[in-house]
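Engineer:
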Amino acid sequence: MTAPVGDQPAGELEVVHTFTGPMPTGVSVSHTGRIFVNFPQWGDEVPATVVELRDGVEVPFPDQTWNSPSADDDAEAFVSVQSIVVDPADRLWVLDTGSPMFQPTRPGGPKLVRVDLDTDTVAQVITFPTDVALPSTYLNDVRFDLRRADAGVAYITDSSDSGPNGIIVVDLASGASWRRLHEHPSTKAETLATFRPVVEGRPFLERPPHGDPKPVSMGADGIAISADGSRLYYCPLASRRWYSVATDALADPTVSADEVAATVVDEGDKGGGSDGLETDDAGRLYLTSYEHNAVLRRRTDNEYETLVHDPRLLWPDTMSVAADGHLYVTANQLHRQAKYQRGEDLRRKPYVLFRTRIDAGPVLLR
Numbered sequence: 002m003t004a005p006v007g008d009q010p011a012g013e014l015e016v017v018h019t020f021t022g023p024m025p026t027g028v029s030v031s032h033t034g035r036i037f038v039n040f041p042q043w044g045d046e047v048p049a050t051v052v053e054l055r056d057g058v059e060v061p062f063p064d065q066t067w068n069s070p071s072a073d074d075d076a077e078a079f080v081s082v083q084s085i086v087v088d089p090a091d092r093l094w095v096l097d098t099g100s101p102m103f104q105p106t107r108p109g110g111p112k113l114v115r116v117d118l119d120t121d122t123v124a125q126v127i128t129f130p131t132d133v134a135l136p137s138t139y140l141n142d143v144r145f146d147l148r149r150a151d152a153g154v155a156y157i158t159d160s161s162d163s164g165p166n167g168i169i170v171v172d173l174a175s176g177a178s179w180r181r182l183h184e185h186p187s188t189k190a191e192t193l194a195t196f197r198p199v200v201e202g203r204p205f206l207e208r209p210p211h212g213d214p215k216p217v218s219m220g221a222d223g224i225a226i227s228a229d230g231s232r233l234y235y236c237p238l239a240s241r242r243w244y245s246v247a248t249d250a251l252a253d254p255t256v257s258a259d260e261v262a263a264t265v266v267d268e269g270d271k272g273g274g275s276d277g278l279e280t281d282d283a284g285r286l287y288l289t290s291y292e293h294n295a296v297l298r299r300r301t302d303n304e305y306e307t308l309v310h311d312p313r314l315l316w317p318d319t320m321s322v323a324a325d326g327h328l329y330v331t332a333n334q335l336h337r338q339a340k341y342q343r344g345e346d347l348r349r350k351p352y353v354l355f356r357t358r359i360d361a362g363p364v365l366l367r
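Structure below.
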């Protein structure tokens with residue numbers, strides 16, 4: 002009797018590290034090959050919200066003190082980190098939501114922190130005014146262009162599931178920040194009428210232990226900057242569509258909201274919901290596909306191809322293109338958390354950091 006045909010994997014994944022503690026979200030690799038990972042405060046016991054992987058050991062970074070906040074508004078310690086990104090100058094930036102368990106933020110909690118990797122010390126802390134980091138704000142991911150202004154700019158997604166969404170722009174020299182595309186339709190989660198995600202063959206909804214399920218409502222989440230720095234790409238978590246906007250408009254605070262919105266381009270249907278986005282120095286764009294256990298790539302001719310598709314890639318979250326010619330990606334089983342499974346935690350450790358070869362390097366706008 003002939004065996005039934007199964008789902009065929011594509012590409013090759015190499016296991017870099019397995020996690021037996023809290024679930025990771027972000028990963029970033031320095032130009033010299035150092036690997037950093039973060040763990041948000043989502044209910045797991047989190048001994049350190051930012052770590053460096055050293056010889057297979059998760060070491061609090063830059064030290065335990067910075068991973069021991071006194072309160073949710075502690076501006077001198079990490080509260081709940083969602084993303085860490087090495088910038089074009091090989092410095093690590095830590096994006097702190099200040100929102101453990103998605104609680105309302107307080108000034109001092111949401112922040113962007115620079116750690117210089119030559120000394121492993123914190124060199125800059127940028128906090129946000131209350132009209133930029135709102136009580137509902139959830140700082141999700143960040144990208145950099147160090148050529149702009151005096152010391153560069155950062156672009157951050159606000160993926161809030163309970164308030165306004167948008168893009169936050171930060172002047173890295175002054176620490177000034179402002180909101181862009183505030184509540185623009187491109188930054189908003191879609192409704193079940195237009196987007197009904199399916200993960201592991203099951204509808205992906207928030208499912209409380211009692212009561213009716215409701216749609217996932219996370220907005221602008223994934224973010225990536227084009228190889229030439231002219232466009233910023235972003236996508237709501239709850240959507241199969243993605244968008245781009247002109248960085249010249251975002252980065253100039255004198256440009257009106259309507260003028261910024263006029264530069265938004267609908268990049269189309271990408272075939273599945275995405276958590277992370279990334280770019281390489283060859284001009285290609287990468288999209289995680291949490292509905293398909295895959296990472297897709299859009300080539301410079303705008304054709305899509307599957308970079309990897311693997312049953313182990315359960316909820317591919319964050320990607321990082323490294324100087325070693327690999328794309329790194331975390332798989333954290335986010336959809337198996339209790340909030341999506343009627344109160345039952347269906348995650349099975351370990352969570353995994355993978356990498357796959359792409360023969361390209363990171364975008365270095367410096």
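The numbering of the sequence shown is this note's numbering, which starts it at 2 and goes up by one. Virtual Cβ for every residue (Gly too), placed ideally from N, Cα, C.
Keeping to the same chain, check which residues put their C-beta closer than 7 Å to that of Leu-251; ignore five residues upstream and five downstream.
Structural biologist: By one-based count along the sequence shown, residue 251 stands at place 250. Cβ neighbours of Leu-251 beyond the five flanking positions: Tyr-156, Ile-168, Val-170, Arg-181, Leu-233, Val-261.
Engineer: Using the C-alpha atoms, what's the distance from Val-86 back to Val-326?
Structural biologist: Start at 1 with the first residue of the sequence shown, and residue 326 comes out as number 325. Start at 1 with the first residue of the sequence shown, and residue 86 comes out as number 85. Here residue 326 is Gly; the residue named in the question, Val, does not match the sequence. Cα-Cα distance, rounded: 17 Å.
Engineer: Could you check which residue in Val-126, His-32, Thr-50, Glu-59 has the C-alpha nearest to that of His-18?
Structural biologist: For the purposes of this step, residue 18 is taken as residue 17 along the sequence shown, with counting starting at 1. The shortest C-alpha separation from His-18 is found at Glu-59.
Engineer: Please say whether Gly-230 and Leu-278 have beta carbons closer to each other than 8 Å?
Structural biologist: The residue you call residue 278 lines up with position 277 of the sequence shown. The residue you call residue 230 lines up with position 229 of the sequence shown. Contact: no.
Engineer: Under 6 Å Cβ to Cβ from Val-246, same chain only, skipping five residues before and after it: list those, please.
Structural biologist: Counting from one through the sequence shown, the residue named residue 246 turns up at place 245. The answer, listed in chain order, is Leu-233, Thr-264, Val-265.
Engineer: List, from N- to C-terminal side, the beta strand (DSSP E) runs of 3 residues or more that fit wholly inside the region 71-137.
Structural biologist: Segments of the beta strand (DSSP E) lying fully in the region 71-137: 82-87, 92-97, 112-117, 122-128.
Engineer: Thinking C-alpha only, which one of Val-200, Leu-147, Pro-10, Leu-135 is nearest Leu-315?
Structural biologist: Taking the sequence shown and counting its residues from 1, one reaches residue 315 at position 314. If we check each option's Cα against that of Leu-315, Val-200 comes out closest.
Engineer: Contact check, Arg-285 vs Thr-307 under 8 Å by CB: the rounded distance?
Structural biologist: The residue you call residue 285 lines up with position 284 of the sequence shown. The residue you call residue 307 lines up with position 306 of the sequence shown. Not a contact, Cβ separation roughly 13 Å.
Engineer: Helix, strand or coil: which one does DSSP assign to Thr-357?
Structural biologist: Within the sequence shown, the letter at position 356 stands for residue 357. Three-state result, Thr-357: strand.
Engineer: Please state if the CB of Thr-158 and the CB of Tyr-244 are separated by a distance shorter than 8 Å.
Structural biologist: Here residue 244 corresponds to residue number 243 of the sequence shown, with the count starting at 1. Here residue 158 corresponds to residue number 157 of the sequence shown, with the count starting at 1. Going by beta carbons, Tyr-244 and Thr-158 fall outside the 8 Å limit.
Engineer: Please classify Lys-215: is it buried, with 16 or more other beta-carbons within 10 angstroms of its beta-carbon, or exposed?
Structural biologist: Counting from one through the sequence shown, the residue named residue 215 turns up at place 214. Exposed is the call here.
Engineer: Using C-beta distances below 6 Å, list every residue in its chain close to Arg-197, excluding the 5 sequence neighbours before and after it, in chain order.
Structural biologist: Taking the first residue of the sequence shown as position 1, residue 197 is located at position 196. Nothing meets the Cβ criterion.
Engineer: By Cβ distance below 8 Å, which residues in the same chain neighbour Pro-312 in space, the five residues on each side in sequence not counted?
Structural biologist: Working through the sequence shown from its first residue, we reach residue 312 at position 311. If we look at Pro-312 and ignore the five residues flanking it on each side, its Cβ neighbours are Asp-8, Pro-10, Asn-294.
Engineer: Among Val-256, Leu-93, Arg-349, Val-154, whose alpha-carbon lies nearest the alpha-carbon of Gly-22?
Structural biologist: Along the sequence shown, one-based indexing puts residue 22 at 21. The residue with the shortest Cα to Cα distance from Gly-22 is Arg-349.
Engineer: Name the two residues that bound the continuous beta strand (DSSP E) containing Val-261.
Structural biologist: Translated into positions along the sequence shown, residue 261 becomes position 260. Where Val-261 is concerned, there is no enclosing beta strand (DSSP E), although the alpha helix (DSSP H) it sits in stretches over 258-262.
Engineer: Find out if the Cβ-Cβ distance for the pair Arg-356, Glu-15 is shorter than 8 Å.
Structural biologist: Looking up residue 356 in the sequence shown gives position 355. Looking up residue 15 in the sequence shown gives position 14. Yes.
Engineer: Taking C-alpha atoms, which residue in Gly-273, Ala-258, Gly-176, Phe-145 lies nearest to Phe-205?
Structural biologist: Taking the first residue of the sequence shown as 1, we reach residue 205 at position 204. Among Gly-273, Ala-258, Gly-176, Phe-145, the Cα nearest to that of Phe-205 is on Gly-273.
Engineer: Starting from the C-beta of Asn-333, find all residues in its chain whose C-beta is less than 7 Å away, skip the five residues before and the five after it, and write them out in chain order.
Structural biologist: Taking the sequence shown and counting its residues from 1, one reaches residue 333 at position 332. Correct list, in chain order: Met-24, Pro-25, Thr-26, Trp-316, Asp-318, Tyr-352.
Engineer: Report yes if the CB atom of Ser-100 is closer than 8 Å to the CB atom of Gly-109, and no otherwise.
Structural biologist: Counted from its first residue, the sequence shown places residue 100 at position 99. Counted from its first residue, the sequence shown places residue 109 at position 108. Taking 8 Å as the Cβ cut-off, Ser-100 and Gly-109 do not qualify as a contacting pair.
Engineer: How many angstroms separate the CA atom of Glu-345 from the CA atom of Leu-173?
Structural biologist: Here residue 345 is taken as the residue at index 344 of the sequence shown, counted from 1. Here residue 173 is taken as the residue at index 172 of the sequence shown, counted from 1. Roughly 42 Å separates the two Cα atoms.
Engineer: According to DSSP, is His-336 helix, strand or coil?
Structural biologist: Working through the sequence shown from its first residue, we reach residue 336 at position 335. Of the three classes helix, strand and coil, the one that applies to His-336 here is helix, per DSSP.
Engineer: Determine whether the beta carbon atoms of Ala-124 and Asp-117 lie at a separation below 8 Å.
Structural biologist: Position 123 of the sequence shown, counted from the first residue, corresponds to residue 124. Position 116 of the sequence shown, counted from the first residue, corresponds to residue 117. Cβ distance < 8 Å, so Ala-124 and Asp-117 count as in contact.
Engineer: Tell me the residue span of the alpha helix (DSSP H) that contains Leu-251.
Structural biologist: Counting from 1 along the sequence shown, the entry for residue 251 is found at position 250. Residues 248-252.
Engineer: Over the uninterrupted beta strand (DSSP E) stretch that includes His-185, give me the two end residues.
Structural biologist: For the purposes of this step, residue 185 is taken as residue 184 along the sequence shown, with counting starting at 1. Per DSSP, His-185 belongs to no beta strand (DSSP E) and is neither H nor E.
Engineer: Just the Cα atoms here: how many angstroms apart are Trp-43 and Val-256?
Structural biologist: In the sequence shown, the residue the question calls residue 43 occupies position 42. In the sequence shown, the residue the question calls residue 256 occupies position 255. Going by the C-alpha atoms only, they are around 37 Å apart.
Engineer: Indicate the three-state DSSP secondary structure (helix, strand or coil) for Tyr-139 in the structure shown.
Structural biologist: Taking the sequence shown and counting its residues from 1, the one referred to as residue 139 is at position 138. Three-state result, Tyr-139: coil.
Engineer: Starting from the C-beta of Ser-240, find all residues in its chain whose C-beta is less than 6 Å away, skip the five residues before and the five after it, and write them out in chain order.
Structural biologist: Position 239 of the sequence shown holds residue 240. Its chain contains Glu-191, Phe-196 as the residues whose beta carbon lies nearer than 6 Å to that of Ser-240, once the 5 sequence neighbours on both sides are disregarded; these appear in chain order.
Engineer: When you compare each of Leu-288, Leu-335, Ala-90, Asn-68 to Ser-275 by their alpha carbons, which one comes out closest?
Structural biologist: Along the sequence shown, one-based indexing puts residue 275 at 274. Ranking Leu-288, Leu-335, Ala-90, Asn-68 by Cα distance to Ser-275 puts Leu-288 first.
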